[in-house]
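Going by our numbering, the first residue of the sequence shown is number 230, and it counts up by one from there.
Heads up, the beta-carbon is just placed ideally off N, CA and C, and yes, glycines get one too.
What follows is a set of notes on a single structure, which appears directly below.
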Amino acid sequence: MNNPEKYLASMWLQYRDAVEILEEFDDKFKSMKGKIVDIGCGPGKVSKDLLLPKIGENASVIGIDISPAMLKYAKVYCANEERITFTQLNIETPDLPDNLIGQFDHATAFYCLNWCRNMKVTMENIYNLLKPGGRTIALLNLHHNIFDFYLEQQKDPSFSVYMKDALKYIPPHYGCGNPEKKFRAQLEGAGFNVLHCSARSKVFTFQTMDHQLDFLWAVNPFLDRMPEDVKKRYRKDVEKRLRKKLQRITNENSDGYVNIDDYYAILVAVFEKPQVERSVDSDAHI
230 MNNPEKYLAS MWLQYRDAVE ILEEFDDKFK SMKGKIVDIG CGPGKVSKDL
280 LLPKIGENAS VIGIDISPAM LKYAKVYCAN EERITFTQLN IETPDLPDNL
330 IGQFDHATAF YCLNWCRNMK VTMENIYNLL KPGGRTIALL NLHHNIFDFY
380 LEQQKDPSFS VYMKDALKYI PPHYGCGNPE KKFRAQLEGA GFNVLHCSAR
430 SKVFTFQTMD HQLDFLWAVN PFLDRMPEDV KKRYRKDVEK RLRKKLQRIT
480 NENSDGYVNI DDYYAILVAV FEKPQVERSV DSDAHI
């Protein structure tokens, strides 16, 4: 979670999905001008390599993230790019700094909001960061096998002591029967106009089991708590559970390469702060 190098080495899925969203909403990204806040920017790769080339030539990106390690890496990675700056911020903070309120023309959030447990505060903060008319394009994780594993492993005596807060790392819309309806209500409750909201089934193909495990390792929040011997047992346990869940493994050649289809679900939304702000009904929040 806080290791930028490991995250970058295994972020194939996140990067692919970000590319697809940037292509799908190409016109909306190209029309972005002014200051764009990239929420949960991580190590800065998507901000610099994907987002910056898409937005207007005179637009700039301000990346925010909760992790000092990610921001430290991002500042080095983007050191030669004058149009990108970074600052530390927890998008779930109950005390949004006054100097950030109403400072941004648009916002993006790629695989960040699924880490937020308090969606009411999160949506209100995004609303308050934006200027009137500011648009946000967001991509959230809805479901992945690893979240099922977290809840199962939390009950396993071998790992439970390290995973007592597993629910904290489960996406807020996990297991929701109608995530589009729920997220739309949360956005409208915060005052946004919702321009698009859709849940989508996705698949990403890993070449080897180790590639998939490395991907899961890079975003696992529990590993830093585990001694090395427990980590080894934990990795074997995850692999065992994965093999039970896999829908397809096909041997491709004698070198041992395989195709592993990893099925998951995402939520994509585009929403806008009204030009004229309306009063927000607190009862509309879900």
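Considering only 458, 416 and 490, the residue with the shortest C-alpha distance to residue 441 is 490. By the Cβ rule, the region 337-353 counts as touching the region 266-275, because three or more pairs are nearer than 8 angstroms. In this structure, residue 408 places its C-beta atom within 8 angstroms of the C-beta atom of residue 428. In terms of Cα proximity to residue 461, the closest of 496, 446 and 404 is 446. If you ignore the 5 residues before and after residue 403, its C-beta comes within less than 8 angstroms of the C-beta of 371, 372 and 376, all in its own chain and listed in chain order. Within the model, the alpha-carbon separation for residue 303 versus residue 466 is close to 33 angstroms. By the neighbour-count criterion, in which 16 or more other beta carbons inside 10 Å mark a residue as buried, residue 233 falls on the buried side. Spanning the alpha carbons of residue 344 and residue 358 requires a straight line of approximately 19 angstroms. When secondary structure is reduced to three states using DSSP, residue 308 falls in the coil class, being assigned neither helix nor strand. Beta-bridge pairing by DSSP links residue 367 to 338 and 498.
Spanning the alpha carbons of residue 386 and residue 494 requires a straight line of approximately 29 angstroms. Under the three-state reduction of DSSP, residue 322 is assigned to coil, being neither helix nor strand.
In the pairwise beta carbon analysis, the region 312-322 is classified as touching the region 284-298: at least three pairs are separated by under 8 angstroms.
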